[in-house]
Amino acid sequence: MKFTPEHEQIADTVRKFVAKEINPHLPQWEAAGQFPAHELFKKMGDLGLLGIKYPVEYGGMGLDFSYSMVMAEALGECNAGGVPMAIGVQTDMCTPALARFGSDELKREFLAPSIAGDMVGCIGVSEVGGGSDVAALKTTAKKDGADYLINGSKMWITNGMQADWCCLLANTSEGSVHKNKSLIMVRLDSPGVTRQKIHKIGMDSSDTAQLFFDNVRVPQRNLIGQEGMGFMFQMLQFQEERLYGAAGCLRSLDRLIDQTIDYTRQRQTFGKPILHNQVVHFRLAELRTEVEALRALTYRAVESYISGKDVTRLASMAKLKAGRLSREVADSCLQYWGGMGYTRDNPISQAYRDSRLISIGGGADEIMLGIICKLEGTLPGKGQ
């Protein structure tokens, strides 16, 4: 990756924003189980940070995805994972398909105010019976005059309690499971929409909800692109989500290792710093090497993506490695903090709780392995 002064400027802006507008408030937001998304996103929108890769005519900067990657990595300065994840949903998970395939009318109604920070969005794919198995979702959108009538529910929806709209994947026909789905923009203040908060073991500052749709009426003009193309559009949308997620791990992992080095250098046992034990400093060296390997893989994937190449394989590898390495780093570092690492307010225990989601959300590790095996030609077919 060749970084420009603009890359550095965005990273610096994000780091300063985190230090001023996010980290001082995280203890309060974590305890509350939610951060004020509209207030925070408006501040980010005023700085242009919510539309880095989106067209200028809708309020974006018109830059390529590498600049979004830089922002994601810089958000690793946050002392908790919930807020960066919620920001990523707004910028790189619920808006890519809208920006790429939505009509001008839809983009002016939903994308432009989301880039400005005036609206909060969410992505509605997962369901109780179909998380990583996107083809198995049951929510329906049936035509009724000029509208769709939507019925069903969505689970594990980040920003769900505060979102103004949802980019919803629903079945719009009875055909093949890969060709009967469509992405539809749904206002969440519509009659028939209800929400229920989900309490988690980590990512506490990010609100998560189950959304229910009971004969929710939505204009058919809210369809993104063509009917029946929703599965493909969502698969494309997943690529940016997974690249963003991998990039978002990099700086946070480095910070965990830095903090652990500082702590083990100061903490003494048996007359010497813990860091002086070979098993400790060797292990930290191994972890640092793994982070750099993930960084190289992520940068390569993003570079290929912005050049127009299919990065399904690389993005899946980066997502897989990011989740597993996040668990490995948090667990190893917590061990070296001893009892202090097991206290709730410790940065290592925070990372331990938050990082566990990375191997689940946005496609579980097993899904990533299946994708990689399919592209490697090693996934058994039916009857094999």
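Numbered per the numbering used here, the sequence shown spans residues 1 to 384. Backbone N, C-alpha and C fix where the C-beta goes; we use that ideal spot for every residue, glycine too.
Just to confirm my understanding: we take residue i, look at its own chain, exclude 5 residues before and 5 after, and list those with CB closer than 6 Å. What are they?
| i | result |
| --- | --- |
| V70 | H7, I10, A11 |
| K142 | L149 |
| G230 | L169, K181, S182, L183 |
Are the CB atoms of residue i and residue j nearer to each other than 8 Å?
| i | j | result |
| --- | --- | --- |
| S359 | R324 | yes |
| M155 | V134 | no |
| T264 | V280 | yes |
| T139 | S153 | yes |
| V120 | F41 | yes |
| V302 | F65 | yes |
| G341 | S349 | yes |
| I184 | N222 | yes |
| A209 | I157 | yes |
| E241 | D118 | no |
| E109 | V18 | no |
| G225 | F238 | no |
| T172 | G228 | yes |
| M203 | L357 | yes |
| A99 | G45 | no |
| I274 | Y336 | yes |
| A37 | A86 | yes |
| R283 | S332 | yes |
Whole angstroms are fine: how far does the CA of residue j sit from the CA of residue i?
| i | j | result |
| --- | --- | --- |
| A318 | H199 | 28 Å |
| H276 | L253 | 21 Å |
| P5 | L137 | 44 Å |
| H25 | A330 | 23 Å |
| N151 | N346 | 43 Å |
| L294 | G248 | 11 Å |
| I261 | Q278 | 13 Å |
| P27 | V83 | 12 Å |
| E290 | G361 | 21 Å |
| V186 | W165 | 5 Å |
| L149 | L106 | 18 Å |
| G102 | T13 | 30 Å |
| E39 | L379 | 47 Å |
| N180 | G59 | 33 Å |
| C122 | C94 | 6 Å |
| R255 | L47 | 25 Å |
| N215 | G175 | 21 Å |
| C167 | A74 | 26 Å |
| Q259 | T343 | 15 Å |
| L320 | I201 | 21 Å |
Could you tell me which residues DSSP pairs with residue i in its beta bridges?
| i | result |
| --- | --- |
| G396 | With the chain running from 1 to 384 in the structure shown, residue 396 is simply not present. |
| G248 | DSSP, once it has assigned bridges, lists no residue as partnering G248. |
| P393 | Given a span of 1 to 384 for the chain in the structure shown, any question on residue 393 remains unanswerable. |
| I372 | Answer is none; I372 lacks a bridge partner. |
| I450 | Look at the range of the chain in this structure, 1 to 384, and you will see that residue 450 is not part of it. |
| C122 | C166 |
| K142 | L149 |
| T95 | DSSP, once it has assigned bridges, lists no residue as partnering T95. |
| T158 | T208 |
DSSP on residue i, reduced to helix/strand/coil?
| i | result |
| --- | --- |
| N346 | coil |
| G341 | helix |
| I150 | strand |
| D214 | strand |
| R295 | helix |
| M71 | helix |
| V329 | helix |
| E127 | strand |
| M235 | helix |
| R267 | coil |
| T312 | helix |
| L168 | strand |
| L183 | strand |
| P273 | strand |
| A417 | What is shown of the chain runs 1 to 384, which leaves residue 417 out entirely. |
| T194 | strand |
| T289 | helix |
| M385 | It is not possible to answer for residue 385, since the shown part of the chain is limited to 1 through 384. |
| G363 | coil |
| I115 | helix |
| V177 | coil |
| H199 | coil |
Within its chain, find whatever has a CB closer than 8 Å to the CB of residue i; leave out the 5 residues flanking it on each side and keep chain order.
| i | result |
| --- | --- |
| E366 | S132 |
| T194 | L211, F212, D214 |
Short of 7 Å in beta carbon distance, which residues of its chain neighbour residue i, apart from the five on each side in sequence? Order them along the chain.
| i | result |
| --- | --- |
| R288 | I257 |
| A146 | P219, Q220 |
| Q315 | Residue identity check: residue 315 is Ala in the sequence provided, not Gln. Answer for A315: Q239, R242, L243, A301, listed in chain order. |
| L375 | T312, R313 |
| S68 | I52, K53, T91, D92, Y244 |
| Q196 | A209, Q210 |
| P80 | For the record, residue 80 in the displayed sequence is Ala; it is not Pro. Excluding positions up to five away in sequence, the list reads L26, E30, S205, Q350, D354. |
| R327 | S355, R356, S359 |
| I22 | C78, V83 |
| A322 | G245, A246, C249, L294, I358 |
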